[in-house]
Amino acid sequence: MARGHARGARAWVVLGLLTLTGIAAAAPPARVEIRYELTYNGTAFAEGVEVLEHDGRDYRIRSQARGRGLFAMLNRGEVTRSSYGTVLPGRLRPHSYRDQRGDRAPETAQFDWAKRVVVVERRGQSRTLPAVDDMQDRLSFAWGFAFAPAIRDEVAVTIVDGRGATRYRYRQAGSEALTTAAGVFRTVRLVKHREGGDERSTELWLASGRAHVPVRILVIEKDGTRVDQVATAIKD
Numbered sequence: 001m002a003r004g005h006a007r008g009a010r011a012w013v014v015l016g017l018l019t020l021t022g023i024a025a026a027a028p029p030a031r032v033e034i035r036y037e038l039t040y041n042g043t044a045f046a047e048g049v050e051v052l053e054h055d056g057r058d059y060r061i062r063s064q065a066r067g068r069g070l071f072a073m074l075n076r077g078e079v080t081r082s083s084y085g086t087v088l089p090g091r092l093r094p095h096s097y098r099d100q101r102g103d104r105a106p107e108t109a110q111f112d113w114a115k116r117v118v119v120v121e122r123r124g125q126s127r128t129l130p131a132v133d134d135m136q137d138r139l140s141f142a143w144g145f146a147f148a149p150a151i152r153d154e155v156a157v158t159i160v161d162g163r164g165a166t167r168y169r170y171r172q173a174g175s176e177a178l179t180t181a182a183g184v185f186r187t188v189r190l191v192k193h194r195e196g197g198d199e200r201s202t203e204l205w206l207a208s209g210r211a212h213v214p215v216r217i218l219v220i221e222k223d224g225t226r227v228d229q230v231a232t233a234i235k236d
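Following the working numbering, the numbering of the sequence shown begins with 1 at its first residue and continues without gaps.
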């Protein structure tokens, strides 16, 4: 049971870390809901839902995941995340990010763009970091492509959560058809560069015909562990 608990806890940790082409993207509908199945080395361990709402000026993204079967018993409660902010031309600018895991204290990031700082908090400890224009949280990054007029061959981004800020680069790895329970999608696939000792691989599949919303996110740990988040239904 201890080994099972460790696997379950690790799967939830990786879930929290989840999160080009010149073809123009259509603006997303005012509300998009995507349901996902999450697997850990091929075994389903959780189901989740993410909802984007926007009015062309402001946006809100809510994410919720709950374990299944043994994982539900080993990891009580839900993982809930949220991102709020402004819709800018071609991108999102987050103002607030929150990551809550069961009854643990939430991890947060508060962006003050007027003062050009972001305050991150984890385990009751806060730090103030300088804000840069390409900063995103983990939700606004994955969903921000839905607002871009085009997806570049290479994307540089600074992702912020309660732990701090990390710089990443993603490159386009071509387009491919992706078959899911939600349907068959023509997608753009992005792959993260591994730099500076980073041994975790992250890949995103963005649905070309659905305003480039994220329909699959795959994280591969340095030991080969795979956590896969794949769309099962889309409603808008």
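The C-beta atom is built at its ideal place from N, Cα and C for all residues, glycine as well.
With fewer than 16 other Cβ atoms from the protein chains shown falling within 10 Å of its own Cβ, residue 88 counts as exposed. Within the model, the alpha-carbon separation for residue 44 versus residue 192 is close to 24 Å. The shortest CA-to-CA distance from residue 50 to any of 189, 122, 142 is the one to 142. For residue 179, the closest C-alpha among the options 67, 205, 166, 39 is that of 205. Residue pairing by DSSP places residue 45 opposite no residue, since no beta bridge is assigned to it.
Just measuring C-alpha positions, the residue of 140, 166, 97 sitting nearest residue 111 is 97. For the pair residue 113 and residue 185, the Cα-to-Cα distance works out to about 36 Å.
No Cβ-Cβ contact shorter than 9 Å links residue 134 with residue 109. DSSP, reduced to helix, strand and coil, places residue 113 outside both helices and strands of the structure shown, so it counts as coil. Only residues of its own chain outside the window of five on either side were considered, and among them 158 have a CB closer than 7 Å to the CB of residue 132, listed in chain order.
CA-CA distance, residue 78 to residue 65, rounds to 6 Å. Bounds of the beta strand (DSSP E) holding residue 82 are 78-88. Taking all protein chains in view, the Cβ of residue 231 is crowded by 16 or more other Cβ atoms within 10 Å, so the residue is classified as buried. The C-beta distance from residue 47 to residue 37 rounds to 6 Å, short enough to meet the 8 Å contact threshold. The three-state reading of DSSP puts residue 66 in strand, counting E and B together.
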